[in-house]
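Residue numbers (our numbering): 7 to 270. To start, the structure itself, in structure tokens.
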């Protein structure tokens, strides 16, 4: 099921002038149901792209692999630069609410969220702030699980931050960056009711330092939030399923195993 009209109206902050370039117009939500009969657990997938574009290889392919394992999935193509926070956040909030409110229609029970790179930052940001920023008058729903794949995490540590994601998240607004960077630095905003978290990264990642995952794991441990962390020696940034990288390619099977243990 493609191009689901999950806003049902002009999306918050919509600007027709942004329809060209990295935004194709309205945000897009695609559904990839698991084939077996009955209800299924489900993950909402957020591709990466540094909040500047969206990576085509971090969406449908992941959703189909989850489907092969009995887990339904949605892929959200949220709006990116020159759109900036809170537009990106509200796209996720609206999509997550739409899925939850239509759970019977989509035959789903549990609903989690996962993301890649900057999409992982957005997934984590939603999980940490899902019941805040209610300008769109939408119900708030906490995810049942959070998956972070080579995630952008820190917006405050200059030694490990992904500066491009930080700038595009705030629309190159230096004042907002200085005022809000800490508030949207994921390792600094872990809440007591966070769901279980799965993280993976590669040591060789030259775009997003793997220490991002390590500092997030440290913060989760300090709040006693269950997590599973895998750090692989090999793999470029953006390697999605890593099918051509020995060792690293096992991340997906480990992830599905973890999801099953969370009741998915």
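Glycine included, C-beta positions come from ideal geometry on N, C-alpha and C. Computed from a predicted structure; not experimentally measured.
**Message:** Short of 6 angstroms in beta carbon distance, which residues of its chain neighbour residue 162, apart from the five on each side in sequence? Order them along the chain.
**Reply:** For this step, residue 162 is matched to residue 156 along the chain shown. Hits under 6 angstroms: 187, 188, 191.
**Asked** So which of 154, 250, 160 has the shortest CA-CA distance to residue 264?
**Response** Translated into the one-based positions of the chain shown, residue 264 becomes position 258. Selected option, being the one with the closest Cα: 154.
**Item:** As assigned by DSSP and simplified to three states, the class of residue 115
**Value:** Counting from one through the chain shown, the residue named residue 115 turns up at place 109. Three-state DSSP puts residue 115 in a strand.
**Request:** Decide if residue 254 is buried, meaning its Cβ has at least 16 other Cβ atoms within 10 Å, or exposed.
**Result:** The residue labelled residue 254 in the question sits at position 248 within the chain shown. Buried is the call here.
**Request:** Output the boundary residues of the alpha helix (DSSP H) element that contains residue 96.
**Result:** Numbered from 1 along the chain shown, position 90 holds the residue referred to as residue 96. First-last of the alpha helix (DSSP H) with residue 96: 93–107.
**Request:** Within its chain, find whatever has a CB closer than 7 angstroms to the CB of residue 203; leave out the 5 residues flanking it on each side and keep chain order.
**Result:** Counting from 1 along the chain shown, the entry for residue 203 is found at position 197. Closer than 7 angstroms at the Cβ level, and outside the excluded window around residue 203, lie 152, 154, 226, 231, 233.
**Request:** My understanding is that residue 73 touches residue 33, with C-beta atoms under 8 angstroms, so please give their C-beta distance in whole angstroms.
**Result:** Working through the chain shown from its first residue, we reach residue 73 at position 67. Working through the chain shown from its first residue, we reach residue 33 at position 27. The Cβ separation is near 22 angstroms, so there is no contact.
**Request:** Just the C-alpha distance for residue 98 and residue 124, rounded to the nearest angstrom, thanks.
**Result:** For the purposes of this step, residue 98 is identified with residue 92 of the chain shown, where counting begins at 1. For the purposes of this step, residue 124 is identified with residue 118 of the chain shown, where counting begins at 1. Straight-line Cα distance between these residues: approximately 13 angstroms.
**Message:** Using 8 angstroms as the cut-off, can you tell me whether the region 169–186 makes contact with the region 85–96, which would need three or more C-beta pairs spanning the two stretches below that distance?
**Reply:** yes
**Request:** Compute the minimum distance between the beta carbon of residue 266 and the heavy atoms of the ligand FAD, and state whether it is under 7 angstroms.
**Result:** As for the ligand FAD, it is missing from this structure, which has no ligand bound.
**Request:** Consult DSSP for residue 251 and reduce its assignment to one of helix, strand or coil.
**Result:** Here residue 251 corresponds to residue number 245 of the chain shown, with the count starting at 1. DSSP places residue 251 in coil when its eight states are reduced to three.
**Message:** Could you check whether the region 72–88 touches the region 54–61, counting it as contact only if at least three pairs of C-beta atoms, one from each stretch, sit closer than 8 angstroms?
**Reply:** yes
**Item:** Candidates 109, 80, 66, 169: closest to residue 10 by CA position
**Value:** Looking up residue 10 in the chain shown gives position 4. Per the C-alpha coordinates, the member of 109, 80, 66, 169 positioned closest to residue 10 is 80.
**Helix, strand or coil at residue 153 [DSSP, three-state]** = Taking the first residue of the chain shown as 1, we reach residue 153 at position 147. Strand, per DSSP.
**Request:** Just the C-alpha distance for residue 2 and residue 68, rounded to the nearest angstrom, thanks.
**Result:** Coverage of the chain is limited to positions 7 through 270, which leaves residue 2 absent and any answer about it impossible.
**Asked** Using the C-alpha atoms, what's the distance from residue 18 back to residue 213?
**Response** Reading the chain shown from its first residue, position 207 is the one you call residue 213. Reading the chain shown from its first residue, position 12 is the one you call residue 18. Straight-line Cα distance between these residues: approximately 31 angstroms.
**Item:** Pairwise C-alpha distance: residue 26 and residue 7
**Value:** Indexing the chain shown from 1 puts residue 7 at position 1. Indexing the chain shown from 1 puts residue 26 at position 20. Distance between the alpha carbons of residue 7 and residue 26: 24 angstroms.
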